[in-house]
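Q:
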Amino acid sequence: MSDKLAIIIASEEYEKSHVASMIASVAAVSGVEVSIFVTMNAVYNFLKETVEKKNFTGGKLYEQIKEKKASMFYELFDQAKMLGGLKIYVCSMVMDILNIEKEDLIDIVDDNLGLAAFLGIMDGAETITF
Amino acid sequence: MTEEELKQIKPTVTVDARGTYCPGPLMELIKEVRQQPVGSVIELISGDAGSAKDVPEWINKVKQEFLGVIPEDGYWRIFSKKVKDM
């Protein structure tokens, strides 16, 4: 695997954010530089309001994750940030459309970013989309 | 190492990660590998079947030393040694 990994999360489906956080965690602690780009409906999963109310859109596995009290995707991202190189960016176009500010997003979000900047990050990186 | 040899090992530290799901046990191990001095032997206890395969993969990737696994009833004891700073 290359030493750079870019993950794009576009879906609001909880399980997709969850698997992204799992892959990102293991990669980040294995010396891979990981960048996450959160866009489209996935931005709702990174809103403080959604996280506080656990108001996620999920399927059967999401129900099991809650029931078994497994770590949530934002907890996995948080842990990965403490242990390795991981940055989380939110699409500035979606933030404009939803009229949200950085303080509306959970603290693990590093910054907002436009596509040109994220394309620069993706350059030479392995890319996965959820 | 054989299972007999592993059973003789006195780990520097034991991390019980039972009750956490993948990648929880691996992340718990990583925290400990970071904190302990070079030369430490770290025992990870995991109830997650994937850990016995995941841990050696990760240990090799970050160039530490994997010592072996003892399968127990419903959990795994996984031994690693920190051989360099990280």
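Chains as they are written, first to last, in our numbering: chain A, 98 to 227; chain B, 18 to 103.
Every residue gets a Cβ at the ideal spot worked out from N, C-alpha and C, and that includes glycine.
Remember, predicted model here, so these are calculated numbers, not experimental data.
Apply the 10 Å Cβ neighbour rule to residue 181/A and answer buried if 16 or more other Cβ atoms are within range, or exposed otherwise.
A: It is buried - the Cβ of residue 181/A has at least 16 other Cβ atoms within 10 Å.
Q: Within the same chain, show all residues whose beta-carbon is closer than 7 Å to that of residue 79/B, passing over the 5 residues directly before and after it, in chain order.
A: Hits under 7 Å: 103.
Q: Quick one: grab the DSSP three-state call for residue 148/A.
A: Helix.
Q: Taking all protein chains shown into account, decide if residue 34/B is buried (16 or more other Cβ within 10 angstroms of its Cβ) or exposed.
A: Under this definition residue 34/B is a buried residue.
Q: What whole-angstrom Cβ distance do residue 170/A and residue 108/A have, given they're in contact under 8 Å?
A: So it is not a contact: roughly 12 Å between Cβ atoms.
Q: I'd like the list of long-range same chain contacts for residue 73/B, defined as Cβ closer than 7 Å, with 5 residues on each side in sequence excluded.
A: So the qualifying residues of the chain are 83.
Q: Going along the chain, which residues of the stretch 36-47 of chain B sit with their C-beta nearer than 8 Å to a C-beta in chain A?
A: Those residues of the stretch 36-47 of chain B that come within reach of chain A (Cβ to Cβ, closer than 8 Å) are 37, 38, 39, 40, 41, 43, 44, 47.
Q: Mind checking which residues open and close the beta strand (DSSP E) that includes residue 41/B?
A: Per DSSP, residue 41/B belongs to no beta strand (DSSP E); it is in the alpha helix (DSSP H), 41-52.
Q: Could you name the residues of the stretch 71-91 of chain B whose beta carbon sits closer than 7 Å to any beta carbon of chain A, in the order they occur along the chain?
A: So the list reads 75, 78, 79, given in the order they occur along the chain.
Q: According to DSSP, simplified to helix, strand and coil, what is residue 220/A?
A: Three-state result, residue 220/A: coil.
Q: Is it a yes or a no for the stretch 136-143 of chain A touching the stretch 190-206 of chain A, going by three-plus beta-carbon pairs under 8 Å?
A: Yes, since at least three Cβ pairs between the stretch 136-143 of chain A and the stretch 190-206 of chain A fall closer than 8 Å, the two stretches touch.
Q: List, in order along the chain, the chain B residues whose C-beta lies closer than 8 Å to that of residue 176/A?
A: Going along chain B in sequence order, the residues near residue 176/A (Cβ under 8 Å) are 44.
Q: Residues in its own chain within less than 7 Å of residue 148/A by CB, not counting five upstream and five downstream?
A: Only 171, 203 meet the Cβ criterion.
Q: Does any residue of chain B have a CB that is nearer than 8 Å to the CB of residue 99/A?
A: Answer no: the Cβ-Cβ gap between residue 99/A and chain B never drops below 8 Å.
Q: With DSSP collapsed to three states, give me the class of residue 215/A.
A: If DSSP states are grouped into helix, strand and coil, residue 215/A belongs with the helices.
Q: Grouping DSSP H, G and I as helix and E and B as strand, with all else coil, what is residue 187/A?
A: DSSP places residue 187/A in strand when its eight states are reduced to three.
Q: Kindly indicate if chain B contains any beta-carbon less than 8 Å away from that of residue 116/A.
A: Not closer than 8 Å to any Cβ of chain B, the Cβ of residue 116/A fails to qualify, so no.
Q: On a CA-only basis, which of 225/A, 137/A, 116/A, 163/A is nearest residue 173/A? Give me that one, please.
A: That would be 116/A, whose Cα lies nearest to the Cα of residue 173/A.
Q: Between 131/A, 166/A, 121/A, 137/A, which lies nearest to residue 220/A when the distance is taken from Cα to Cα?
A: Checking every option, the nearest Cα to that of residue 220/A belongs to 131/A.
Q: Report yes or no: is there a C-beta of chain B within less than 8 Å of the C-beta of residue 119/A?
A: Closer than 8 Å to some Cβ of chain B, the Cβ of residue 119/A qualifies, so yes.
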